[in-house]
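So the structure is just underneath, and the comments pick up after that.
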Amino acid sequence: MNRTAALMLILLAGLLASPATAFHDGGVGACNGCHVTHTVDGSPVISTFLLIGENSTDTCLRCHGITAGNSWGMDVLAPGPLYGGGPFIFLTEDNLNDGPGSSLIISGDHAGHNVVSPLMGTGTDINNPTAPGGTYPSSYMTCTSCHDPHGQGNHFRFLYGSDFPLSRSGGYEFNYTRPAIVADGISIFGPPESDTNHTAYRSGAAAWCGNCHSRIHRGSDATFRHIEDRSLGSTTREYNSYLGTGDDSGTGVDAYSVLVPYEDLSSPGTGNTGPANNTSRVMCLSCHRAHASSAPYAGRWDFNILTWADEGMLSGSYAIPNPYPLVGPAQAQLCEKCHGTGGP
C-alpha cells in the first residue's frame, strides 16, 4: 500500500473516533476497535496480539493518524494542527538541516522517536540501536512503547508509569521505574495548541524521559549537559520579559510560549501568563517534542539556525512558524527565551 492510500485509510478510520465512546476505558466496541478474534475471510492475521494493524503503531494510527490528535500528520510540508507531541510524518523527510551554509544532509531519521510502522514505511532507527543514553531496543519502538493502550494507570496521555503495567511493545517487556508525567493536556478533538491553549505540565517530565534516556545528560557518554528538572530561578525574569529578539518589554502577563513550555504545579493550560520564580522548572520537553519535529532531534525549534530567516530554506522542509512574527525573519532561535540575546 502506498503512503497516500495509507493516509486515506487512517483518515477514514479516524473519522469514527469520538470522545464520547470512552474507547480506551472499555466503552462501546472497544476491543474490536483494535483487535480481531479470528479471521473472517480466511486471510491470515499478520500481527501479534491479534491487532487489526500489522503492529501497534499501525493500529493506533487508524484513529490517531490524522484526526484525534494528528499524531502522524497530513503532509510533510503541511502537517496540520499540533497537539503537543508533534507529527511523526517528519520521519519521512529527506533533509532537516537548515544550518546556514551547511551541505550536510540530516535525514528524517533524526526528526524524533523512530516509531516502526509498516503501514507508513518507517523502520528501525538506523542511527541508534538502543535509546540514546539507555538500553531500550529501537527495533521495538512503537506507540505502545510509551503509551498503555488500555490506560490502566489512568495517567496523562496513557503513559506508562512505575505502578503498572509493564510495557510490552512487540512482546518486549520494559519496566518503567519512574512515575508517569503529571499534566493536564488539551483535548485531541478540539483546537490545536497555542500560547493560550496548551498542555499544562505539572511535574515529572524529565524523570519520566529518564526511564529510557537515563544517561543522555548525566552519564560519562553525555556530549551535552543542559540542566533539567531544575527551577528556572533567575531565568524566570528573562523568560517573562522576552517578547522576541531585541524586545525585553514583557511583564509576564503575555510571556508564555508554546514552543518553550515549562513545568509548574499551578500552571494553567489556558492563558499565556509566564512562569513563577520559585515553582516553575525546566524539563526535557522545554526544548524537545515528544514525538517528532521538522527540526533535528525533535527540537521545538531548529537548534542549527541563526535566525528564523534560515527556517526551512536550505532543507526545503516544513518551516516551523515564527513565534514572534512582529520581529520577523531576524528572530533568533529560542535559546534566547531563557538565556536572553546572545545565549547562555
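Under the working numbering, think of the first position of the sequence shown as 258, with each following residue one higher.
We put the CB at the ideal spot given by N, CA and C, even for glycine.
From a predicted model like this one, the values you see are computed outputs, not experimental measurements.
7 Å CB neighbourhood of residue i in its chain, flanking five on each side removed
i	result
ILE362	ASN352 and ASN354
VAL439	PHE413, ARG459, SER460 and GLY461
LEU308	CYS291, HIS292 and THR316
ASN432	LEU423
PRO448	ASN454
MET570	ASP355
Best match in the options for proximity to residue i [C-alpha to C-alpha]
i	options	result
GLU495	GLY343, VAL517 and PRO375	VAL517
GLY428	PRO580, SER313 and CYS544	SER313
GLU593	TYR575, ILE562, ALA576 and GLY569	ILE562
ASP366	SER359, PHE347, CYS466 and THR305	PHE347
MET398	ASP382, ALA533 and THR536	ASP382
GLU311	SER402, TRP558 and VAL373	VAL373
GLY528	ARG319, GLY322, GLU350 and ASN454	ASN454
GLN612	CYS403, SER402, THR401 and PHE421	This structure does not reach residue 612, given that the chain is present from 258 up to 601, and the question cannot be answered.
PRO338	GLU485, MET570 and SER550	SER550
HIS404	SER364, HIS321 and PRO389	HIS321
THR324	ASN289, TYR340 and VAL333	TYR340
Check whether residue i and residue j have beta carbons under 8 Å apart
i	j	result
PHE345	HIS548	yes
TYR458	LEU591	no
ASP315	PRO375	yes
THR456	ILE443	yes
TYR554	MET540	no
GLY556	CYS544	yes
HIS281	HIS407	yes
GLY490	ALA512	no
GLU350	SER574	yes
SER402	SER419	no
ASP486	ALA464	yes
PRO336	ILE473	no
GLY343	ARG482	no
Three-state secondary structure assigned by DSSP to residue i
i	result
TYR496	helix
ASN454	strand
PRO406	coil
THR305	helix
LEU542	helix
THR278	For THR278, the pLDDT reaches just 47, beneath the cut-off of 50, and the residue's location in the model is therefore unreliable, leaving the point undetermined.
HIS412	coil
PRO338	coil
PRO586	helix
ALA287	helix
GLU643	Residue 643 lies beyond the residue range present for the chain, which begins at 258 and ends at 601; the question has no answer from this structure.
PHE560	coil
PHE431	strand
ALA437	coil
ARG472	coil
THR392	coil
SER364	coil
THR401	helix
THR598	coil
SER374	strand
SER359	coil
GLU593	helix
SER444	coil
Close Cβ partners of residue i (< 8 Å) along its chain, the five nearest in sequence each way excluded
i	result
ALA587	THR502, GLY503, THR564, TRP565 and ALA566
SER506	SER498 and LEU500
SER523	ALA533 and THR536
THR493	GLY531, PRO532, ALA533, ASN534 and SER537
Same chain, Cβ closer than 6 Å to residue i, neighbours up to 5 away in sequence not counted
i	result
SER572	ASN352, LEU353, ASN354 and ASP355
GLY585	none
GLY391	CYS469, HIS470 and SER471
PRO386	SER395
HIS596	none
Identity of the residues DSSP links to residue i by a beta bridge
i	result
GLY509	Beta-bridge pairing links GLY509 to no other residue.
GLY369	ALA549
SER488	ARG538
HIS292	LEU308
THR381	Beta-bridge pairing links THR381 to no other residue.
SER424	PHE431
SER460	VAL439
THR527	ASN454
THR387	PRO394
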